[in-house]
Structures are given as structure tokens and as C-alpha cells.
Amino acid sequence: MAPAQRCPLCRQTFFCGRGHVYSRKHQRQLKEALERLLPQVEAARKAIRAAQVERYVPEHERCCWCLCCGCEVREHLSHGNLTVLYGGLLEHLASPEHKKATNKFWWENKAEVQMKEKFLVTPQDYVRLCGSSVSFFKLLQISKNFFK
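Residue numbers for the sequence shown follow this note's numbering, so the first one is 5 and each next one is one higher.
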């Protein structure tokens, strides 16, 4: 008999070896978990095209759970009294550690290969976000100094 293993998605101990990841229950739990994370990732991807910078409010300290890495990630990136919306999540999604963890997660859980690209951001896209947000920061600082 195979040794007992624990599935963090199903929150269940199983004894059938690797066969559990092919079960209907596991695949359903996996799909639901990915669908819960997908709206946050899609919102972050939209932020690449047009970086949104807002004044800091305590709500910007909010974190989200990265299912692939198994860790909490800050959603927004704050500097002083300004915040780049979804900057923290995009920074995490573009990291090589996230890419490695995503590949491992997809392999271990037998998730749909087509969906994997939705949960990854290229470093070039992240650099593009940084460039647009930095120029926006500069404009905001200039206008702030101008109206004093």
C-alpha cells in the first residue's frame, strides 16, 4: 500500500499514490481554486497597459494568496504616500521563483496546460509597467510641487 499523502487543495489524506490528482474531486477543486485567483491576475494584467497610481490608503496593504507558490503576496506596491495598483502582484507574477513554482504546481496537480500562461507575466511586461508608473510618479511629484 502507498504511504499516506496529503493534498492541500482537497484538504484530504489519500493512499492511492499519484492517482489522486486524476480524480474528479481533485480536478474540480483545482479548477475552483484557479478560478478564484484568476480575476485578481486578470486585473493585474490590465494594469500593465495603464499603470494606475493612487494616494496611499491602508486598504492598499491587502494581500492575496498565490496558489502556485503557497505564499501571501502584497497586491499593491506602495512607496511613500503613493501606490501602484497591482504592482506587488505583478512583481511576484514576473519573478523567476513564481515561474518555477508554477511549473511545479502545474506538473504536480495536472492542471490544464493552456491556463498556465494566464498565471505568468513576462519580465518585459513588468518592466513596461515600471516605466509607465515611474513616469507617472514624476508627473505627480511635479504637479504636486507646482500647486503648493
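Where is the CB? At the ideal position from N, CA and C, for every residue including glycine.
Where does residue i fall in DSSP's three states?
{"i": "E58", "result": "strand"}
{"i": "R10", "result": "strand"}
{"i": "V125", "result": "coil"}
{"i": "C134", "result": "helix"}
{"i": "L79", "result": "Note that residue 79 corresponds to Glu in the displayed sequence, not to Leu. It is coil, neither helix nor strand."}
{"i": "F18", "result": "strand"}
{"i": "S147", "result": "In this prediction, S147 has a pLDDT of 41, which is less than 50 and means its spatial position is unreliable; what the coordinates show is noted afterwards. Looking at S147 - three-state DSSP - the assignment turns out to be helix."}
{"i": "E101", "result": "helix"}
{"i": "A37", "result": "helix"}
{"i": "E95", "result": "helix"}
{"i": "K114", "result": "coil"}
Return the bridge partner residues of residue i from the DSSP annotation.
{"i": "W69", "result": "E76"}
{"i": "V88", "result": "V57 and L81"}
Have a look at the options and flag the residue whose alpha-carbon is nearest the alpha-carbon of residue i.
{"i": "F19", "options": "P12, P7 and V25", "result": "P7"}
{"i": "V125", "options": "H96, R28, E63 and H80", "result": "H96"}
{"i": "E79", "options": "R132, T17 and E65", "result": "E65"}
{"i": "A47", "options": "E116, W110, E63 and Y90", "result": "Y90"}
{"i": "F109", "options": "C70, R132 and P127", "result": "C70"}
{"i": "G23", "options": "P127, V117, E112 and N107", "result": "E112"}
Taking a contact to mean a Cβ-Cβ separation below 8 Å, would you say residue i touches residue j in this structure?
{"i": "Q44", "j": "L93", "result": "yes"}
{"i": "A115", "j": "L42", "result": "no"}
{"i": "D129", "j": "A98", "result": "yes"}
{"i": "H102", "j": "C72", "result": "yes"}
{"i": "A55", "j": "V25", "result": "no"}
{"i": "T17", "j": "R28", "result": "no"}
> So, do the stretch 76 to 92 and the stretch 106 to 126 have three or more beta carbon pairs nearer to each other than 8 Å?
Replying inline: With the cut-off at 8 Å, the stretch 76 to 92 and the stretch 106 to 126 do not touch.
>> Quick check: the stretch 57 to 66 against the stretch 23 to 37, are at least 3 beta-carbon pairs closer than 8 Å?
In response: As far as the Cβ criterion goes, the stretch 23 to 37 does not touch the stretch 57 to 66, which means the pair count is below three.
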